[in-house]
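Chains as they are written, first to last, in UniProt numbering: chain G, 1 to 416; chain E, 1 to 416.
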DNA sequence: GGACTTAAATCTAGGGACTAGATTTACTTT
DNA sequence: AAAGTAAATCTAGTCCCTAGATTTAAGTCC
């Protein structure tokens, strides 16, 4: 419960302070010692020594053209430094059941390369691993060579984060036993498999990564408590409460099996699944009126997108389905909001861009299921990019938390 | 999301290390420099200097009888020190709707005094504050004078924690609006009201404190993810996930309004409430057979304790009720376990000592509601003491986290 | 009782990281 | 060219740590 870290020597202080300064300047295009002095209260001597150290370690460059666009007017010009986002790279992977997306980004999160590959539902673990590896290699190659404006060589891959549709514990392992060992097939010890790809490899649940994406650059940015609800084929949630991502003992936090027990919901089936079910049901029962745009499609391929499009045009059957989906969503949100007191619920998944009307109606209905304060429900703007974007953000956070655990360039390595 | 603390001077290091050593020796009856050296890796010179500092600040005493019971055999005898648990006191209060319990403990949690007072349900906020204050004063007086073996004067009250039946945010405030402003009546800005009572005053939700109690000295000890479910008149949960207590945006995490939406549960009514309802229903309907021990009571006063007693004797109606309660409990646990992946659920509340049979049956039923891994359900051993015990533990944690934020004795104060 | 052993305390030197303040430097402004 | 200015650099000095030599307060052994 308690830990007792002791700073054995003053040398550790240097290390700690250098890392703090690095984090401080991470997102600034350029900085001077005076900037750091203002933010930390440290002396100029100290700050300059810390900057020297950062330059020596390869994280920061000193700019020699200090006359940057009339930045100063009087006095001796300040030495200018800049965090070098190209000194290393990170990789974020969405290793889904059917698709694999790998993204490579620099240390400020600018995307350098991307690769997408498909997988069949019954792919063997070996095939999965091979496909993921190819996607990563392709993305890394894509973001490597001619990248820099000056053709500067891209830095080494520091951190890799893989998102999988399975619970993962703090070590990236998934519990073995569920139906047909689905989790074990989705995550066949990926952390070990890819240990060679980056200096740090993390495996994380996909809904959790979607939550991280929303938290850092999406609709949950700046919030301390919110949930991201993936709503496609099956519901799944990424939970961020009091500023931390919840995992649970085996990594199962956010699993939505409890919906089996919820009135008017009854299963963890997601909105896409239920929409398809409802519209086919209507078609089979001959409930589609003559003018309905839904009649234009083969009933066997009707899906959520068709329903939303038809509802947009005012089709009565489609509107009824949207209403049912909204009620379902409102109930699911009520459960999460009530137990965890979140500020906002972001609804994500591949079809989130089309969810506006459903979210709107769910918002209206939510107050009838819970007491105030009632959280807002909003549709994600990230769509199917949420997982790999979240994986990249997570990888960046890993590097930023302990930058000096990573080796940057060869020079730095040989210097030691 | 990120913070950038910088250790401005080496002086801070002394402070940090002294606090770390203090935490290290907190629970030891006595210690020597060698003990600390073994645990921290610091030099003897450093450790002795740190010990001097702790003695100077009043947290630790040097024992002059170093010949403690043949502790050493050869070599120069070590200077022996001991953390002084009497150098300060903490107060934990269960400020319930009907009862107020205040506990005073020394810095190792040994109870020095206690006071209990009753409150009517419709007591005004002013009455509530007055009653709580009297309970605290009485408990402090109780644990003050003749306490020490040598009649040593008790230390000042460092931290006070008050538990209230309302959500509380990080500053101890409760959201205003629910039915008849119950929360505001239960927590009329208690943190400000009692600012004079201790050097630090915290207001916290009662279920959260019960969870803390279970976590530190109860059935949840050593776990990183578990829930404490208060099960008396209404369900309420204290949630500890990944080693942190969940609060939520307004402190509402663990509110169980969502049970309104759960199949076979339908309301947040607790086990005591439902037991009473069911047994009266049976009595009114004339379902109690001639030999039932439940007939011995006035139907208007029959309660959960009577049901459990009758079930113990094998009464069929009582057993049926126990079954219904167990199913209810299992469903509630399923909801929590599924969403948060907790290792264990501790069922607490005043009647927890009698809950054995209900918990047993609920455990049997739980696997039919959720997939493995299935958490264990256990009855709390703390009963109605959970809240004030948790409040004391919380107060201890506050002191222990930043001991040097507190002033100890007058000498220490005047010395400065 | 005196010599040996032992483990802790104490003393001495030295280094790293910070602060504070004087001095120098590299510019702009006039 | 001289004055003004803000940053860099230099010079002490402090604090807190380490490392290792020396001293101390016992027990042990003969």
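Ideal Cβ positions, reconstructed from N, Cα and C, are used throughout, including at glycine.
Under the three-state reduction of DSSP, residue 194 of chain G is assigned to coil, being neither helix nor strand.
Ranked by Cα distance from residue 186 of chain E, the first of E:123, E:229, E:382, E:215 is E:123. Close to chain E, meaning a Cβ-Cβ distance shorter than 7 Å, are the following residues of the stretch 316-343 of chain G: 331, 334, 335, 338, 339, 340, 341, 342, 343. Short of 6 Å from the beta carbon of residue 195 of chain G, and not among the five residues preceding or following it, lie these beta carbons of its own chain, in chain order: 201. Interface flag for residue 225 of chain G against chain E is set, since a Cβ pair is found closer than 8 Å.
Residue 275 of chain E sits close to residue 321 of chain E, with the two beta carbons spaced by under 8 Å. DSSP lists G:164 as the beta-bridge partner residues of residue 205 of chain G. Residue 44 of chain G carries a helical assignment under DSSP once its states are collapsed to helix, strand and coil. Contacts between residue 125 of chain G and chain E, judged by CB atoms closer than 7 Å, are missing: the closest CB pair is about 21 Å apart. Flagged as an interface residue toward chain E: residue 241 of chain G, by a C-beta distance shorter than 8 Å. For residue 102 of chain G, same chain residues with a beta-carbon under 6 Å away, outside a window of 5 residues either side, are 93, 115, 135, 136, 139 in chain order. Taken through DSSP and simplified to helix, strand or coil, residue 229 of chain E comes out as strand. Three or more Cβ pairs closer than 8 Å define a contact, and the stretch 295-312 of chain G falls short of that threshold against the stretch 197-216 of chain G. Close partners of residue 262 of chain G in chain E (Cβ separation under 9 Å): 258, 261, 262, 263, 335. When 9 Å is used as the limit between beta carbons, residue 247 of chain E is near these residues of chain G: 225, 241, 242, 341, in chain order. Within 7 Å of the CB of residue 345 of chain E, no CB atom of chain G is found; the nearest one sits about 12 Å away.
Around residue 117 of chain G, the same chain offers 100, 131, 135 as residues with beta carbons nearer than 6 Å, after the five sequence neighbours per side are excluded. No Cβ of chain E is located within less than 8 Å of the beta carbon of residue 37 of chain G. Inter-residue distance for residue 318 of chain G and residue 259 of chain E is about 31 Å (C-alpha atoms, whole angstroms). Taking a C-beta distance under 8 Å as the contact criterion, residue 62 of chain G and residue 79 of chain G qualify as a contact pair. Between the alpha carbons of residue 350 of chain E and residue 231 of chain E lies a distance of about 8 Å. The Cβ-Cβ distance between residue 175 of chain G and residue 125 of chain G does not fall below 8 Å. Counting every other CB atom within 10 Å of its CB across the protein chains shown gives residue 17 of chain E a total of 16 or more, marking it as buried.
Residue 255 of chain G belongs to the set of residues whose beta carbon lies under 8 Å from a beta carbon in chain E.
Residue 13 of chain G has its alpha-carbon roughly 33 Å from the corresponding atom of residue 192 of chain G. Per the Cβ contact rule, the stretch 344-360 of chain G is not in contact with the stretch 247-257 of chain G (fewer than 3 Cβ pairs under 8 Å). Burial is judged here by how many other beta carbons sit within 10 angstroms of a residue's own beta carbon; residue 208 of chain G has at least 16 and is buried. For residue 251 of chain E, the nearest CB of chain G lies under 8 Å from its own CB, placing it at the interface with that chain.
None of the residues of the stretch 76-88 of chain G has a beta carbon lying less than 7 Å from any beta carbon of chain E. Contacts between residue 29 of chain E and chain G, judged by CB atoms closer than 7 Å, are missing: the closest CB pair is about 18 Å apart. Secondary structure note for residue 297 of chain G: it is in no alpha helix (DSSP H), with a DSSP letter that is neither H nor E. Against chain G, a Cβ distance below 9 Å from residue 403 of chain E picks out nothing, because the smallest value is about 12 Å. By the rule that beta-carbons nearer than 8 Å mark a contact, residue 175 of chain G touches chain E. Counting C-beta pairs closer than 8 Å gives three or more between the stretch 259-273 of chain G and the stretch 263-277 of chain E, which meets the contact rule.
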